[in-house]
Amino acid sequence: MTLQTCNASDYNQHWQKIKVVSGTEIYRFQKRNATGYSIDGNGGAAEGQLLYLWDSSDSNVNQQWVLNNIDSTSGNKLAIDTAFDDGTGHGSYPATNAIDGSTAWSSRWAASGSPVNLTINFKKPVMYLK
């Protein structure tokens, strides 16, 4: 796997979040255009391992990722950098509305079509290997 410039129309960069353990925030990330493959952390889930694609398996600990809740009530905040959509956004309700801090009805993201995608870029990583 390599890091590349984000391109919302490149389906090689699209992932599906699949819950692995009911009642937890443990997921695996499966490739949308190759559903038999998921992000695998290698090496018995030890820190610092290389990432690659491997056959999808809910029981493979190397593919289990914990999504930690980072918000103002937990004492942790995650800084949001940018937001954009795949071009399906409504002209009056652009993707930037999703991160403007307003809860007003007029400040929302809206899109049409199926599927639609909203991408939010964070200033630091949000995935942690279990």
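The sequence shown runs 3 to 132 under the numbering used here. We treat Cβ as the ideally placed atom computed from N, Cα and C, and that holds for glycine. Source: prediction; values computed, not measured.
Would you mind stating whether V68 and E27 have Cβ atoms separated by less than 8 Å? To locate residue 68, count along the sequence shown from 1; it is residue 66. To locate residue 27, count along the sequence shown from 1; it is residue 25. Here V68 is near E27, since their CB atoms are less than 8 Å apart.
Does any CB atom of chain C fall closer than 8 Å to the CB of A112? Given the protein chain composition of this structure (a single chain), no chain C is represented.
Within its chain, find whatever has a CB closer than 6 Å to the CB of Y95; leave out the 5 residues flanking it on each side and keep chain order. For the purposes of this step, residue 95 is identified with residue 93 of the sequence shown, where counting begins at 1. Counting only Cβ-Cβ distances below 6 Å, and skipping sequence neighbours, we find R110, W111 and A112.
Paired residues, beta bridge with G91 - DSSP: The residue labelled residue 91 in the question sits at position 89 within the sequence shown. For G91, which the question treats as bridged, DSSP gives the partners A113.
What number of angstroms, rounded off, separates the C-alpha of S114 from the C-alpha of A97? Here residue 114 refers to the residue found at position 112 when the sequence shown is read from its first residue. Here residue 97 refers to the residue found at position 95 when the sequence shown is read from its first residue. If you take the alpha carbons of S114 and A97, they lie about 13 Å apart.
Status (buried if at least 16 other CB within 10 Å, exposed otherwise) for D57: Position 55 of the sequence shown holds residue 57. By the C-beta density criterion, D57 is exposed, having fewer than 16 other C-beta atoms within 10 angstroms.
Got a sec? Which residues, its chain only, sit under 7 Å from D60 by beta carbon, not counting five neighbours each side? To locate residue 60, count along the sequence shown from 1; it is residue 58. Non-local beta-carbon contacts of D60 in its own chain, meaning distances under 7 Å to residues more than five positions away in sequence, involve V22 and R30 in chain order.
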